[in-house]
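S.K.:
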């Protein structure tokens, strides 16, 4: 008799990982070092101290420590909302008529509505531990800002959030959630920073961008005593913290004697994708298994599939160090897409390197197809997905439909990063048929590439 | 060594109840029978057939069957989002400095955002099984409408939702969720029914009420071939389905060797409260245990604490049968409170009877105090509660603070019925200090009582 796999697989509290996994420790080749943009030399821990708190600066640059102990205070917070369930999508499988077994790791069961809380808790804790008195950050769709507000409220550390202005105006309720957790929310670009004032002078009506909000948050942090900046994606430290997603997923799959043939994640800056795939990529790097790893990005902001692998700034205002990554150019402003959390010009340097070296695949999808998948999923699985997460759903559905054609019984794992309760304007636009797929032309992309920094001896 | 109780206690899939529990089977005295308003005789199954599908009509009137098997199709749906977690509120306890142990049963982990799905699935299933071709319902805050839309979409049965007009206008995103699940959402009062047209003629600018939306939904159901009406609270059948909450809670508490000294639920029509307390009330009725049972209702709509125990209509348009319950009068229009799900003039006849007979207590609380509790809870427990649910939180916090004074180590269980993602306008009003506590005067209540129906020989 075949043992029936339950719909929801939960780890016990004791099984929640007590260490994060640092994927870099198993990479054959490291991603190129972050460069100090003044000296064009690799940045040191000390270079980062004005921006990041010390332990996070160390985690950012440490490619050798394989496992980091999760501080007890962070574990205690994790226990409030973790383990997150690994869910067998029985009803989605049935609706698709696929022989594939589809699993998803659902990270939306907390007020922030997404996986972002996993790193927010860590970053807020380390800041508090160092005795910092305030933090700044940026947010696009609002999930990161909400997660960090929640964590900062818990650890009692004041937070200022620069929220991309078009989001600030379109999502007043997102702002209200952050304010519930005592965050100070400012529409970016703003008059509170030099870079904000400069951008406003050039274009007073701009809706802002994630790159611009980052510039403002960094400027505010480095010019305020006891203040540091925190970021919800792209960074190595964020992927480290998010590895808890993949580690839990792997344990849950082992409990039901499963292993994924393919692991699928949505890809913006890479925080969820990097965390979800971490232990499976480890297996691949160490030759223990060879799962396919698939990144799904928006066609409107296709950094992996149409970007350049080059050194670039992480922000629009060019105040950050340079990172080598797949990028559309820090001056590239993605068209307004409803997956605000994926509207970033670059991609995690770790993931960029792995993609460059052939360890993972990437596809881009139009948002109308993404919402089609989101609605189908919602009706079958009782979870209303965030537009970002729905990119992974689209990828998983397409793989499952291919299995239907070929008859292959593949095991598919995808990351369901969060819920779409604050994205109903997007759903409405989909229902009303007014959703537009904005795909950049080659000429538009070329303009972004033309703005890539010149680095003597490295990048012409 | 004391074994540490985990933060989240999950039943295994096999432990999810396979039967609902019918509290009436253990009541010493039954609640008075529902009366046909034309004949003033107790209603029969047949009387209800034009309104409810047959199996639900039977459940409505059956006070003897102790356990009902949950149909396999309903169980299959339950397995998608159940078990819901029983959560130990360690961080809330710490913040309060209470010796009490606080547990909450969290029902918000599904797209409907609340416990309402438990009955929606059952009602949609029975309708489909009977071969009905459409359903109608009403919704106030939108949680019931969303839950039913989700269930109807799954079982492929068309649904029309009459949404209280002020909610319809204030909560466009709630509407968008229901539309995502293919529901037809109509602002009530509307021109689609005679009762709607009548009310609109009297007061074209009315924001509507739950009682009025019920009248419209019932009229639409009884005048449409193959259509029936479904309701998300008040009814005996709803309490039956919602018993899954209490049954799961009791099993989870047994797993950690706990039993509640006090069980607390928010009270509107009684769907959550009745479900949560069911097995604990059974213990009380059968003499096995004597937990305190506490209903927390809004001061703006205090049916238990300030209402009359009398026969009344369940709707404003007086198209429903008469039920004996605690009521403020079916003509009472509660002031606009943010807990839209609790703005109902009456209370479940079962709960009314139990309250009348001294088996449970009730308190009413002002919404500003409710939101104070909601914000404290959100910051400590990573869940943003619905305003309705926050009434129970307020009750639990006050009990825990009393334990702090007396030093008693009580075990408190409360129901966290749902999330507040669509209630951010209310949170914003709380933050901005513009929230008003509308408490009806005695004169205002008297007007409602004056409208109670006269029933020769029963009620003068």
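Residue numbers (this note's numbering), protein chains in the order written: chain X, 1 to 460; chain G, 1 to 460.
Don't be surprised by glycine CBs; every beta carbon is placed ideally from N, CA and C.
None of these values were measured; they are calculated from a predicted model.
Check whether the stretch 116–130 of chain X touches the stretch 146–159 of chain X, taking contact to mean three or more Cβ pairs, one atom from each stretch, closer than 8 Å.
M.R.: yes
S.K.: For residue 89 of chain X, count the other beta carbons within 10 Å of its own beta carbon; 16 or more makes it buried, fewer makes it exposed. Which is it?
M.R.: buried
S.K.: In angstroms, rounded to a whole number, what distance separates the CA positions of residue 70 of chain G and residue 77 of chain G?
M.R.: 11 Å
S.K.: From the DSSP output, which residues share a beta bridge with residue 416 of chain G?
M.R.: G:106
S.K.: With 8 Å set as the bound, which would you pick, yes or no: does the beta-carbon of residue 378 of chain G sit closer than that to a beta-carbon of chain X?
M.R.: Taking Cβ atoms only, chain X reaches closer than 8 Å to residue 378 of chain G, which makes this a yes.
S.K.: Alpha carbons only, please: which of G:122, G:445, G:100 is nearest the one belonging to residue 72 of chain G?
M.R.: In this structure, G:122 is the residue among G:122, G:445, G:100 with its C-alpha nearest to the C-alpha of residue 72 of chain G.
S.K.: With burial defined as no fewer than 16 other Cβ atoms inside 10 Å of the residue's Cβ, what is the status of residue 220 of chain G: buried or exposed?
M.R.: Classification of residue 220 of chain G: buried, given that the 10 Å Cβ count is 16 or more.
S.K.: Closer than 7 Å, Cβ to any Cβ of chain G: which residues of the stretch 101–125 of chain X, in chain order?
M.R.: 109, 110, 111
S.K.: Which residues bound the alpha helix (DSSP H) around residue 152 of chain G?
M.R.: Element bounds for residue 152 of chain G: 143–155.
S.K.: What in chain G is Cβ-close to residue 462 of chain X, meaning under 7 Å?
M.R.: A question about residue 462 of chain X goes unanswered here, because the residues of chain X that appear run from 1 up to 460.
S.K.: Just the Cα atoms here: how many angstroms apart are residue 325 of chain G and residue 120 of chain G?
M.R.: Each residue's Cα considered, the two are about 23 Å apart.
S.K.: Around the Cβ of residue 8 of chain G, are there at least 16 other Cβ atoms within 10 angstroms (buried) or fewer (exposed)?
M.R.: By the neighbour-count criterion, in which 16 or more other beta carbons inside 10 Å mark a residue as buried, residue 8 of chain G falls on the buried side.
S.K.: In the DSSP assignment, what are the bridge partners of residue 266 of chain G?
M.R.: As computed with DSSP, residue 266 of chain G is found in a beta bridge with G:296.
S.K.: To the nearest angstrom, report how far apart residue 276 of chain G and residue 242 of chain G are at their CA atoms.
M.R.: 7 Å
S.K.: Can you name, in chain order, every residue of its own chain whose Cβ lies under 7 Å from the Cβ of residue 249 of chain X, other than the five neighbours on each side?
M.R.: 86, 105, 276, 413
S.K.: So residue 199 of chain G and residue 311 of chain G are supposed to be a Cβ contact under 8 Å. How far apart are they, rounded?
M.R.: No, residue 199 of chain G and residue 311 of chain G are not in contact; Cβ-Cβ is about 23 Å, not under 8 Å.
S.K.: Any contact between the stretch 334–348 of chain G and the stretch 260–277 of chain G? By contact I mean 3 or more CB pairs, one from each, below 8 Å.
M.R.: yes
S.K.: Using a Cβ cut-off of 9 Å, pull out every chain G residue sitting near residue 467 of chain X, in sequence order please.
M.R.: Because chain X in this structure spans residues 1 to 460, residue 467 of chain X falls outside the shown range and cannot be described.
S.K.: Quick check on the burial criterion: 16 or more other C-beta atoms within 10 angstroms. Buried or exposed for residue 402 of chain G?
M.R.: The Cβ neighbour count for residue 402 of chain G, taken over all protein chains shown within 10 Å, is under 16; the residue is labelled exposed.
S.K.: Look at the alpha carbon of residue 305 of chain G and the alpha carbon of residue 207 of chain X, and state the distance between them as a whole number of angstroms.
M.R.: 51 Å
S.K.: Tell me the start and end of each unbroken alpha helix (DSSP H) in the stretch 158–214 of chain G that is at least 4 residues and wholly inside, in chain order.
M.R.: Within the stretch 158–214 of chain G, the complete alpha helix (DSSP H) runs of at least 4 residues fall at 165–170, 172–180, 194–202.
S.K.: If I'm right that residue 141 of chain X touches residue 167 of chain X with Cβ under 8 Å, what's the distance once you round it to whole angstroms?
M.R.: 6 Å
S.K.: Check for me: the alpha helix (DSSP H) holding residue 397 of chain X runs from which residue to which?
M.R.: 387–406
S.K.: Measuring CB atoms only, is the stretch 389–397 of chain G touching the stretch 282–300 of chain G, in the sense that at least three cross pairs come out at less than 8 Å?
M.R.: yes
S.K.: Within 8 Å, do at least three Cβ pairs link the stretch 185–201 of chain X to the stretch 20–39 of chain X?
M.R.: As far as the Cβ criterion goes, the stretch 20–39 of chain X does not touch the stretch 185–201 of chain X, which means the pair count is below three.
S.K.: Contact between the stretch 54–61 of chain G and the stretch 90–97 of chain G: three or more CB pairs below 8 Å?
M.R.: no
S.K.: For residue 365 of chain G, which beta-bridge partners are listed by DSSP?
M.R.: G:298
S.K.: Are there 16 or more other CB atoms within 10 angstroms of the CB of residue 66 of chain G, so buried, or fewer, so exposed?
M.R.: Residue 66 of chain G counts as exposed, since fewer than 16 other beta carbons sit within 10 angstroms of its beta carbon.
S.K.: Give a yes or no on whether the C-beta atoms belonging to residue 416 of chain X and residue 107 of chain X are separated by under 8 Å.
M.R.: yes
S.K.: By Cβ distance below 7 Å, which residues in the same chain neighbour residue 217 of chain G in space, the five residues on each side in sequence not counted?
M.R.: 136, 137, 138, 162, 229
S.K.: Helix, strand or coil for residue 1 of chain X per DSSP?
M.R.: Below a pLDDT of 50, predicted positions are generally treated as unreliable, and residue 1 of chain X, at 46, falls in that range; the measurement from the model is reported next regardless. Coil at residue 1 of chain X, not helix or strand.
S.K.: Mind checking if residue 148 of chain X is an interface residue toward chain G, Cβ cutoff 8 Å exclusive?
M.R.: no
S.K.: Measure the alpha-carbon distance for residue 252 of chain X versus residue 10 of chain X and round it to whole angstroms.
M.R.: 7 Å
S.K.: Below 8 Å on C-beta distance, what does residue 176 of chain G contact in chain X?
M.R.: Ordered by position in chain X, the residues that pass the 8 Å Cβ test against residue 176 of chain G are 424, 425, 427, 428, 431.
S.K.: Does residue 79 of chain X get closer than 8 Å to chain G when you measure Cβ to Cβ?
M.R.: Yes, residue 79 of chain X counts as interfacial toward chain G.
S.K.: Spatial neighbours of residue 315 of chain G within its chain, please: CB distance less than 6 Å, with the 5 preceding and 5 following residues excluded, ordered by chain position.
M.R.: Closer than 6 Å at Cβ, skipping near neighbours: 211, 214, 215.
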